[in-house]
Amino acid sequence: MEETTTSQPQVTRSSSGIVGGNVVEPEDDPSAPFPGGPIDRSLLKSFKDHVAAAIWNNEHRSLLKCINHGAQIAEWDLQSCHPDTQGLQRIIQRSGLAPLIDCSYRKANKEVISAFVEWWQSETNTFHLPFGEMSITLEDVSILLKIPVTGKVVAVENFSRYTEESRKDAIELVSKLLGVSPDEAEEEVNITKGLTMRVVWLKSRFCPPKSKSSSTSSSPTTYPQVECTARAYFLYLLSCTLFADKSGSRVSISLLKLLENLDEVGTYAWGAAALAYLYHHLGSATKVEVSQIAGYLTLLEVHISCALLVNRPIQIQYFFFNFC
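First residue of the sequence shown: 3, per this note's numbering; consecutive thereafter.
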């Protein structure tokens with residue numbers, strides 16, 4: 003008669019530092035190896051809240067909703083939004099942000115992005131892949147986007163708290179730098195009920211669609227100063243690219259402070275700020291309860307494509323020649 007035994011949980015350790023098996027993490031020992039995850043959790047302390055840990059426990063989440071506005075960039079017609087087209091183009095070219103106009107994907111690949119988010123670790127700001135770690139660097143940003151990664155820090159005193167004082171400051175800033183009346187600026191701030199502006203308002207206010215009636219009308223059209231139009235366009239462009247947020251429709255008024263002197267826009271390290279912003283949203287998206295991701299996802303996708311192209315197996319072609 004054969005003796006039956008109860009199977010015990012098995013733990014296997016691989017050379018890559020991954021623990022396998024069906025061992026459940028001891029709740030009272032935070033330093034214990036995580037099943038399917040790191041052996042030493044002294045660095046990856048938040049791994050228990052990572053989406054990869056949930057997947058190990060068969061708690062799968064849906065694909066991430068990717069906030070991407072690349073298709074909206076072309077909706078702003080730079081040739082018709084202001085009569086001083088050449089002056090506007092000079093300001094844009096001098097800013098160092100012009101490459102963003104033509105290098106953004108119209109749609110984000112949520113399957114690829116969701117898969118790579120599962121490999122991201124916010125403690126190291128790297129993807130932990132089967133063959134090693136990989137990350138997006140400032141050099142990658144400079145090569146892929148052609149925007150400045152060195153220069154003055156992109157940092158402003160953010161209107162983080164909605165108070166009556168900050169509300170008045172925001173209205174004054176919008177009125178001064180965008181050339182709109184205080185009443186119009188106040189109306190926009192009241193609509194958003196915060197210290198942001200609607201992207202659709204920027205477009206309709208500074209790049210209105212030309213109707214047949216306006217083209218045939220004999221009354222002159224009043225345009226804002228070209229500098230105000232340029233600032234509005236930069237806000238629109240940044241909200242569609244480097245600083246796309248989860249609201250999907252708003253841009254922070256605090257960014258206007260960086261656009262006050264248009265001659266200095268090109269002296270800021272926009273690429274470094276965009277990379278830090280993307281790091282932040284990647285880390286946030288690793289939490290199992292998070293369902294969407296923002297940031298400049300074109301940068302993420304292009305980097306993934308380039309990395310996979312470099313690390314893929316090399317296909318060798320053999321050529322056979324017939325000699326007489």
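Even for Gly, the Cβ is constructed at its ideal location relative to N, Cα and C. All values reported here derive from a predicted model rather than from experimental measurement.
- Counting only the Cα atoms, residue 286 lies some 12 Å from residue 48.
- Taken atom to atom, the span from the alpha-carbon of residue 252 to that of residue 156 is near 19 Å.
- When secondary structure is reduced to three states using DSSP, residue 250 falls in the coil class, being assigned neither helix nor strand.
- Residue 237 and residue 140 have their C-alpha atoms some 23 Å from each other.
- For residue 71, there is no enclosing alpha helix (DSSP H), as DSSP marks it with neither H nor E.
- Secondary structure at residue 107: coil, using DSSP grouped into helix, strand and coil.
- Minimum Cα-Cα distance from residue 72 among the listed residues 102, 106 and 56 corresponds to 106.
- Of the candidates 130, 163 and 108, 130 places its Cα closest to the Cα of residue 117.
- Residues 268 of the same chain have their beta carbon placed closer than 7 Å to that of residue 96, with the five preceding and five following residues left out of the count.
- Residues of the same chain with a CB within less than 7 Å of the CB of residue 204, apart from the 5 flanking positions on each side, are 234, 237 and 238 in chain order.
- The C-alpha of residue 134 lies about 26 Å from the C-alpha of residue 64.
- A distance below 6 Å between beta-carbons, with the five flanking residues on each side excluded, links residue 177 to the following residues of its chain, in chain order: 184 and 187.
- By the Cβ rule, the segment 290–297 does not count as touching the segment 254–274, because fewer than three pairs are nearer than 8 Å.
- Ranked by Cα distance from residue 194, the first of 173, 182, 42 and 209 is 173.
- With distances taken between CA atoms, residue 227 lies nearest to 84 out of 84, 115 and 163.
- A distance below 8 Å between beta-carbons, with the five flanking residues on each side excluded, links residue 305 to the following residues of its chain, in chain order: 138, 142 and 146.
- The beta carbon of residue 276 sits closer than 6 Å to those of 244 and 298, all from its chain and outside the five residues before and after it, given in chain order.
- Its Cα nearest to that of residue 273, the residue 144 stands out among 144, 58 and 308.
- Contact check for residue 281 against residue 127 passes: the beta carbons are separated by less than 8 Å.
- Taking 3 residues as the minimum length, the beta strand (DSSP E) runs contained wholly in the segment 94–160 are 128–131 and 134–136, in order along the chain.
- Between residue 99 and the set 151, 54 and 42, the nearest pair of CA atoms involves 151.
- Taking the CA atoms as reference points, residue 132 sits about 13 Å from residue 310.
- Of 301, 36 and 265, the smallest CA-CA separation from residue 246 is found for 301.
- Rounded to whole angstroms, the gap between the alpha carbons of residue 81 and residue 87 is 6 Å.
- In the structure shown, the three-state DSSP call for residue 195 is coil.
- Beta-bridge partners assigned by DSSP to residue 52: 289.
- Residue environment for residue 77: exposed (fewer than 16 other C-beta atoms within 10 angstroms of its C-beta).
- Burial of residue 201 is indicated by the presence of at least 16 other C-beta atoms within 10 angstroms of its C-beta.
- Here the alpha carbons of residue 307 and residue 248 stand approximately 24 Å from one another.
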